[in-house]
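S.K.:
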Amino acid sequence: MRHNRSALAPLSPSGRAGSPTAFQCLFASALATLLIVAGCTGATAGDDAAGTAGTVSAVSAVQATSPGVISGLASPSAAPSDVPTGPVASAASAAPSATSEAALSTAPAPASQTVGAGSDTFSAALQTLAGLPIKGRAPKTGYTRDQFGQAWTDDVDMEGGHNGCDTRNDILRRDITAPQIKPGTQGCVVLSGTLADAYSDQVIAFVRGETTSEAVQIDHLVALSNAWQTGAQQLTPAQRQDFANDPLNLQAVSGPVNEAKGDRDAATWLPPNVDYRCEYAARQIQVKARYGLWVVPAEHDAMARVLASCGPAPSTPAAVPAPAAATTAATTAATTAAQPPAAPSTASGDAYYKNCAAARAAGAAPLHRGQPGYRDQMDGDGDGIACES
Numbered sequence: 023m024r025h026n027r028s029a030l031a032p033l034s035p036s037g038r039a040g041s042p043t044a045f046q047c048l049f050a051s052a053l054a055t056l057l058i059v060a061g062c063t064g065a066t067a068g069d070d071a072a073g074t075a076g077t078v079s080a081v082s083a084v085q086a087t088s089p090g091v092i093s094g095l096a097s098p099s100a101a102p103s104d105v106p107t108g109p110v111a112s113a114a115s116a117a118p119s120a121t122s123e124a125a126l127s128t129a130p131a132p133a134s135q136t137v138g139a140g141s142d143t144f145s146a147a148l149q150t151l152a153g154l155p156i157k158g159r160a161p162k163t164g165y166t167r168d169q170f171g172q173a174w175t176d177d178v179d180m181e182g183g184h185n186g187c188d189t190r191n192d193i194l195r196r197d198i199t200a201p202q203i204k205p206g207t208q209g210c211v212v213l214s215g216t217l218a219d220a221y222s223d224q225v226i227a228f229v230r231g232e233t234t235s236e237a238v239q240i241d242h243l244v245a246l247s248n249a250w251q252t253g254a255q256q257l258t259p260a261q262r263q264d265f266a267n268d269p270l271n272l273q274a275v276s277g278p279v280n281e282a283k284g285d286r287d288a289a290t291w292l293p294p295n296v297d298y299r300c301e302y303a304a305r306q307i308q309v310k311a312r313y314g315l316w317v318v319p320a321e322h323d324a325m326a327r328v329l330a331s332c333g334p335a336p337s338t339p340a341a342v343p344a345p346a347a348a349t350t351a352a353t354t355a356a357t358t359a360a361q362p363p364a365a366p367s368t369a370s371g372d373a374y375y376k377n378c379a380a381a382r383a384a385g386a387a388p389l390h391r392g393q394p395g396y397r398d399q400m401d402g403d404g405d406g407i408a409c410e411s
């Protein structure tokens, strides 16, 4: 870089310029050029506005500085990283950082960082399990089905209660795909449909009838006798009736699989469908927590093992659907055709016998599970046949 020496004022013996103002202006101009060549303005490449501001700030600073300070500045050949940091450099370098933080705060997280709702549900179930009391099993003494009220009664303060339909048909309508409804039952009684059984992972055709209804049964996830032995003895009769008709504790499942389960807990029985075990255990825990029941040690450990390996999964069961509206003529014809002519009605609400003597007097005994009037409390040995003798 060449300078016009004739333009420089002679120096005095003390080293100061003869004309301080002229010297400072000329020197500031030279220093500004030097800084631009060296890239020391603190601006990023291509940022004209920041570069201009850095240059103006540097010139202003130099105009107020004596020449004796010049020896502390970097030479034109120095790398930008060698330039001493100062207020100008700090302000210039802070601007991009602030911009980056603003961008991070508004940008959505990658999908891989999103926690699945299902895993949250199972983590919550583990926490709930940790809060349940762990005790030994109480005696089964005094247990009967009657302790939990009339089977499938609509007279409960649970979801679906007092809707005009018995609980069994409420659950069938919830769990069966494309249910066909019996005309004249206020949209309640299910005649047929298809069940995707969560316990066995099988598809089961449901047809209501004396010999066909048992293919699909309604299971209590926490069996009534299990509940009786883990705290339900202390519940009021109304609370036990609610327990027996709570949709959270009910699932339409394969009849044979339900019968194989019986009243066993998670320590001795889990659904054959491995993919459903996480939800099965989580729902059992929810039920026990809702009614203040406890778990026995082996049951607790089995539930914890199941939930420890769970990933994302579906949430709790869908709500019980309201009774269907009036059946159209086309639907009526279809449902009538789907049902064998000789098959009688099997909804528990279609017939009621106070006891086996009444059933025999009506000529209905023996009663098979799924038939009109059959109730578990009339089936003393639990073999699915009531009033057989």
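The sequence shown runs 23 to 411 under this note's numbering.
A virtual CB, placed ideally from N, CA and C, is assigned to each residue, including glycine.
Taking the alpha-carbon positions, what's the residue 256 to residue 318 distance?
M.R.: Straight-line Cα distance between these residues: approximately 17 Å.
S.K.: Any idea if residue 192 is buried or exposed, counting beta-carbon neighbours within 10 angstroms, 16 or more meaning buried?
M.R.: Counting Cβ neighbours within 10 Å, residue 192 comes out buried, since at least 16 surround it.
S.K.: Spatial neighbours of residue 169 within its chain, please: CB distance less than 7 Å, with the 5 preceding and 5 following residues excluded, ordered by chain position.
M.R.: Only 250, 262 meet the Cβ criterion.
S.K.: Compute the Euclidean distance between the alpha carbons of residue 408 and residue 386, then round it to the nearest angstrom.
M.R.: Taking the straight line from one Cα to the other gives about 10 Å.
S.K.: Scan the region 232-285 and note each continuous alpha helix (DSSP H) run of 4 residues or more that stays entirely inside, going in chain order.
M.R.: Runs found: 246-250, 259-266, 277-283.
S.K.: Alpha carbons only, please: which of 179, 186, 343 is nearest the one belonging to residue 200?
M.R.: Ranking 179, 186, 343 by Cα distance to residue 200 puts 343 first.
S.K.: Is it the case that the region 326-334 contacts the region 308-318, given that we only count it when at least three CB pairs across the two stretches are under 8 Å?
M.R.: Cβ pair count under 8 Å is below three, so no.
S.K.: Buried or exposed for residue 184, please, with buried defined as at least 16 other CB atoms from any protein chain shown within 10 angstroms of its CB.
M.R.: Exposed, since its Cβ has fewer than 16 Cβ neighbours within 10 Å.
S.K.: Nearest to residue 286 by alpha carbon, out of 234, 324, 225, 186?
M.R.: Cα-wise, what sits closest to residue 286 is 324.
S.K.: State yes or no: is the beta carbon of residue 269 nearer than 8 Å to at least one beta carbon in chain D?
M.R.: Absence of chain D from the displayed structure is noted, only one protein chain being present.
S.K.: Can you say whether residue 225 is buried or exposed, counting buried as having 16 or more other CB atoms within 10 angstroms of its CB?
M.R.: Looking at its Cβ environment, which holds fewer than 16 other Cβ atoms inside 10 Å, residue 225 is exposed.
S.K.: Would you give the residue range spanned by the alpha helix (DSSP H) that residue 380 belongs to?
M.R.: Unbroken alpha helix (DSSP H) run through residue 380: 378-383.
S.K.: Using only the alpha-carbon positions, how far apart do residue 238 and residue 277 sit?
M.R.: Each residue's alpha carbon lies about 5 Å from the other.
S.K.: Determine the extent of the alpha helix (DSSP H) in which residue 320 is found, giving its start and end residues.
M.R.: Where residue 320 is concerned, the enclosing alpha helix (DSSP H) stretches over 319-330.
S.K.: Work out the CA separation of residue 218 and residue 400 for me, nearest whole Å.
M.R.: C-alpha separation (whole angstroms): 30 Å.
S.K.: For residue 219, which of helix, strand or coil comes out of DSSP?
M.R.: Strand.
S.K.: Would residue 248 be called buried (16 or more neighbouring beta carbons within 10 Å of its own) or exposed?
M.R.: By the neighbour-count rule (16 or more Cβ atoms within 10 Å), residue 248 is buried.
S.K.: Taking the alpha carbon of residue 252 as the reference point, which residue from 396, 157, 213 has its own alpha carbon closest?
M.R.: Selected option, being the one with the closest Cα: 157.
S.K.: Just how far apart, CA to CA, sit residue 212 and residue 202?
M.R.: Straight-line Cα distance between these residues: approximately 6 Å.
S.K.: Which whole-angstrom value is the C-beta distance of residue 275 and residue 294, which I expect to be below 8 Å?
M.R.: That pair is no contact at about 11 Å.
S.K.: Is residue 194 closer than 8 Å to residue 307 when the C-beta atoms are compared?
M.R.: Not closer than 8 Å, so no.
S.K.: Pull up the distance between the alpha-carbon of residue 259 and that of residue 290, whole angstroms please.
M.R.: Between residue 259 and residue 290, the C-alpha separation is close to 28 Å.
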